[in-house]
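See below for the structure under consideration.
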Amino acid sequence: MAEPWWKSAVFYQIYPRSFADSDGDGVGDLPGVTARLDHLAWLGVDAIWVCPFYRSPMTDFGYDVADYCDVDPLFGTLEDFDRLLAEAHQRGIRVIVDWVPNHTSDQHPWFMEARSSRDSPKRDWYIWVDGDPATKPNNWKAAFGGDAWSWDEATGQWYLHLFLPTQPDLNWRNPDVAAAMHETLRFWIDRGVDGFRIDVVQGLTKDPAFPDDPPGQILPHSAVNNCAGTHEVLRGLRRLAEGYSPVPLLLGEVYLLSTATVAGYVGDGDELHLAFDFTSLYAPWDAGAWRACIEEVESEFGARAAWPTWTLSNHDNPRHRTRYGGSERRARAAAVLLLTLRGAPFVYYGEELGLEDAAVPPERVVDPGGRDGCRSPLPWDGGPGHGWAGAEPWLPWSPEPETRNVAGLAAQETSILHLYRRLLAARRASPALSTGSWRALEAPAGVLAYERADGEDRRAVVVNFTAETVEVALEGRWAVEVDSDGLEAEGFPGRLAGDAAVILRPRVD
Ligand code: NOJ
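Following the numbering used here, the numbering of the sequence shown begins with 5 at its first residue and continues without gaps.
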């Protein structure tokens with residue numbers, strides 16, 4: 005059987021508010037994305053994941069959905085989406101949309117109806133608990149602070165929200181909820197999308213006993229995470245997906261800190277196709293930590309014949325350049341790492357420019373989850389407005405937009421932008437790099453070296469996590485294929501500069 009397309013794909017995450025603005029209101033939109041697809045085609049990405057653009061009051065910037073089957077006017081129209089999809093497909097780029105099944109907006113007609121009365125036929129579509137207004141049902145905290153329960157004055161019950169009070173949790177144990185949500189998936193599959201990034205998979209079902217969280221848990225609302233019922237929900241989604249040809253990709257956000265548990269969300273090949281494992285997102289700039297992370301992923305995902313995922317940055321966490329101390333050299337070396345591991349790499353928009361988080365002054369803070377810094381607008385050129393039509397963007401720019409922008413870096417062969425492009429091209433051209441095996445190679449302290457292989461095709465990758473030049477003695481003769489400094493020095497003499505990385509290919513001369 006042919007391998008699924010997503011096994012050799014490099015994904016690019018678009019946060020639509022911040023990518024490109026076509027109408028000058030300071031907020032990015034779908035026509036903006038369409039107008040910039042050539043950048044992504046030039047870069048060489050295989051698929052885009054577009055964060056939510058549905059109708060929404062935007063209390064969580066779209067993760068509070070009021071209509072799963074329509075586009076918010078802020079982002080455009082359904083026709084704009086169809087155009088985006090068609091134009092992306094024309095360029096060979098697949099489109100993954102974000103699907104938010106754990107909760108709706110409190111403005112969704114389902115919740116408005118559910119909250120209207122205890123006898124509403126939709127009451128049980130959400131999670132309600134009896135009690136008195138002074139005593140919460142348990143100690144669960146919401147992800148962005150405060151309690152996970154809100155008291156509904158009019159009907160005298162508590163409702164559950166793992167996130168904001170404006171994001172009431174759906175009750176996935178009710179088959180009508182599953183059926184209605186399945187219809188929303190069909191809506192987008194019928195429109196032609198290639199798959200879904202599924203939000204908050206780990207919390208989809210809750211322990212009906214609602215036990216207190218044990219003290220000292222790292223993740224909030226740990227008692228709801230990872231319930232057996234969630235695997236049943238996923239099997240239902242997979243059955244639905246398998247009813248289509250081609251089968252849409254099910255890519256789940258599984259926000260759990262154990263790689264073994266996350267890997268379990270592929271089930272026996274009957275749940276998610278891909279599960280986000282965020283240990284790479286939290287790995288420090290340290291060779292030992294990365295090696296341990298990779299080896300655990302290799303072993304846990306390998307045991308299930310599951311394809312791993314790799315992420316350095318996303319819209320919920322500081323950008324990796326910022327996490328790694330602000331150094332562009334490290335950001336470049338990390339890009340070599342991201343794009344040469346075995347599994348699906350996810351590039352977060354702006355990563356290809358080496359963007360740092362924006363400094364957001366208190367008067368411009370808008371996100372209740374404190375994530376504004378990593379959501380800064382993408383600067384397209386060095387002119388005033390940086391390619392954003394009209395109004396000042398909704399968030400401040402990351403540092404140096406005058407020079408650190410798409411047009412500026414595209415004009416410099418040694419820029420980080422060209423590095424990303426070369427890495428994507430190298431990956432695409434080599435079976436070893438795109439789908440081959442991974443094995444660690446001997447390396448001095450502070451250096452990570454590994455080999456990727458597919459039959460005769462072999463590559464070695466060396467990443468120097470230290471600030472000093474190191475000597476690396478690899479068996480065999482190697483030539484540099486891609487070098488994080490963008491210089492592509494001829495042979496590999498065995499010396500590697502501090503905070504640098506190389507892809508090597510066997511030397512034939
Ligand atoms: C995870 C999303 O990535 C995040 O942005 C959102 O706030 C929560 N889920 C709630 O939907």
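Here a beta-carbon is modelled for each residue, glycine too, at the ideal position from N, C-alpha and C.
Extent of the continuous alpha helix (DSSP H) to which residue i belongs
i	result
E332	332-342
S154	It is not in any alpha helix (DSSP H) - S154 instead sits in the beta strand (DSSP E) that spans 153-156.
D86	82-94
Y424	420-433
Y352	Not the alpha helix (DSSP H): Y352 falls in the beta strand (DSSP E), residues 348-352.
E246	232-246
E356	Neither: E356 is in no alpha helix (DSSP H) and is coded neither H nor E.
R98	No alpha helix (DSSP H) contains R98, which is instead part of the beta strand (DSSP E) from 98-103.
V14	Segment: none, V14 is in no alpha helix (DSSP H) and carries neither H nor E.
W398	Segment: none, W398 is in no alpha helix (DSSP H) and carries neither H nor E.
W294	291-307
Closest by C-alpha distance to residue i, when choosing among the options
i	options	result
G80	I97, I52, V474, G32	G32
S249	W162, G196, D371, W144	G196
R40	L452, I507, V410	V410
P179	N142, G240, W144, A158	G240
R509	G374, L316, D461	D461
A453	V512, M62, A337, P381	A337
D524	H390, E304, A309, D385	Since the first residue shown for the chain is 5 and the last is 513, residue 524 is missing from the structure and cannot be characterised.
L78	P381, R127, S26	S26
L399	Y424, G377, P388, L166	G377
W384	V104, G36, E246, E7	G36
W103	T470, D123, F85, G66	G66
P137	T326, P125, A152, Q161	Q161
Residue i: first and last residue of the uninterrupted beta strand (DSSP E) it sits in
i	result
L452	451-458
Q161	161-164
L445	441-445
L174	No beta strand (DSSP E) holds L174; DSSP gives it neither H nor E.
P388	No beta strand (DSSP E) holds P388; DSSP gives it neither H nor E.
I202	199-202
A3	The displayed coordinates of the chain run from 5 to 513. Any statement about residue 3 would go beyond what the structure contains.
D2	As displayed, the chain neither begins before 5 nor continues past 513, which places residue 2 out of reach and without an answer.
A279	278-280
L255	253-257
Beta-carbon contacts of residue i that lie in its chain and below 7 Å, excluding the five residues immediately before and after
i	result
T209	W176, R177, C231, G233, T234, V237
L413	L357, S419, I420, L421
C297	T283, S284, A287
D173	N106, H107, Y130, I131, L164, H165, L166
T265	N230
Same chain, Cβ closer than 6 Å to residue i, neighbours up to 5 away in sequence not counted
i	result
A293	A287
S441	A457
R426	V486
A307	none
R375	D320
E406	G386
E300	T263
Heavy atom of the ligand MG within 7 Å of residue i beta-carbon
i	result
G373	The model on display carries the ligand NOJ but not the ligand MG.
Contacting residues, own chain, Cβ-Cβ under 8 Å from residue i (five flanking each side not counted)
i	result
T63	S109, L168, T170, Q171, P372
I97	L41, L44, A45, V49, D50, A51, I52
> Just checking, does the segment 472-479 make contact with the segment 437-453 on the three C-beta pairs under 8 Å criterion?
Replying inline: Contact holds: three or more Cβ-Cβ distances are below 8 Å.
> Hey, is the segment 407-426 in contact with the segment 323-341, meaning 3+ C-beta pairs nearer than 8 Å?
Replying inline: Touching, yes.
> Would you call the segment 186-200 and the segment 61-73 touching, i.e. three or more CB-CB distances under 8 Å?
Replying inline: Three or more beta-carbon pairs drawn from the segment 186-200 and the segment 61-73 are found closer than 8 Å, and the two stretches are therefore classed as touching.
> Any chance the segment 253-266 sits against the segment 196-206, with 3 or more Cβ pairs inside 8 Å?
Replying inline: Cβ pair count under 8 Å is three or more, so yes.
>> With a threshold of 8 Å, are at least 3 pairs of Cβ atoms found where one atom belongs to the segment 43-55 and the other to the segment 423-431?
In response: Inter-segment contact for the segment 43-55 and the segment 423-431 is present: three or more beta-carbon pairs are separated by less than 8 Å.
> Does the segment 352-361 touch the segment 55-63, meaning 3 or more C-beta pairs lie closer than 8 Å?
Replying inline: Too few Cβ pairs lie closer than 8 Å, so no.
>> Pairs of beta-carbons, one from the segment 334-350 and one from the segment 365-382, closer than 8 Å: are there three or more?
In response: Here the segment 334-350 does not lie against the segment 365-382, with fewer than 3 beta-carbon pairs under 8 Å apart.
> Do the segment 143-153 and the segment 104-121 touch if we need at least three Cβ pairs shorter than 8 Å?
Replying inline: At 8 Å Cβ cutoff, the stretches do not touch.
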